[in-house]
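Engineer: Starting off with a structure, shown below.
Residue numbers (this note's numbering): 6 to 140.
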């Protein structure tokens with residue numbers, strides 16, 4: 006952890022080469038990543054009945070993915086997920102598909118809720134946050 010890492014720069018470099026060769030490839034990669042994440046999360050959330058419990062489990066999934074995520078109940082029908090870290094920040098700054106994929110992922114695994122991004126690191130906020138409201 007104390008040594009410098011250039012994972013983000015390397016990833017951006019490789020995605021740039023791919024994008025140069027095939028303009029739609031980056032979009033397809035992010036779509037594939039999103040679909041894989043959705044399938045994995047749906048398996049973990051399948052046994053969880055209440056929206057609040059699923060939001061809490063989703064925060065654990067995001068935490069496992071390196072986002073240092075937490076969740077909280079705002080009121081009876083509203084929850085908040087906060088990602089205190091962006092595991093792919095360098096990539097997200099260059100490729101907006103990363104952020105679009107993230108909110109699409111959350112919406113897909115919580116189909117009985119309306120999900121709105123209320124904070125966004127790429128826009129200068131200190132964290133990303135999502136309001137999850139039961140529909």
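Think of the CB as a built atom: it goes at the ideal place given N, C-alpha and C, for glycine as much as any other residue.
1. Just the Cα atoms here: how many angstroms apart are residue 126 and residue 97?
2. Which of the three DSSP states is assigned to residue 105 in this structure?
3. Return the bridge partner residues of residue 118 from the DSSP annotation.
4. Use the C-beta contact count for residue 137: other C-beta atoms within 10 angstroms, 16 or more gives buried, fewer gives exposed.
5. Given a cut-off of 7 Å, decide if residue 92 and residue 70 are closer than it, judged by their beta-carbon atoms.
6. Pull the bridge partners of residue 78 from the DSSP assignment, please.
7. Taking the C-alpha atoms as reference points, what is the distance between residue 39 and residue 75?
8. What does DSSP give as the partner residues of residue 36 in its beta bridges?
9. Check whether the stretch 84-91 and the stretch 29-37 are in contact - that is, three or more C-beta pairs closer than 8 Å.
Structural biologist: Inspection of the coordinates gives the following:
1. 9 Å
2. helix
3. 139
4. buried
5. yes
6. 84
7. 20 Å
8. Per DSSP, none; premise fails for residue 36.
9. no
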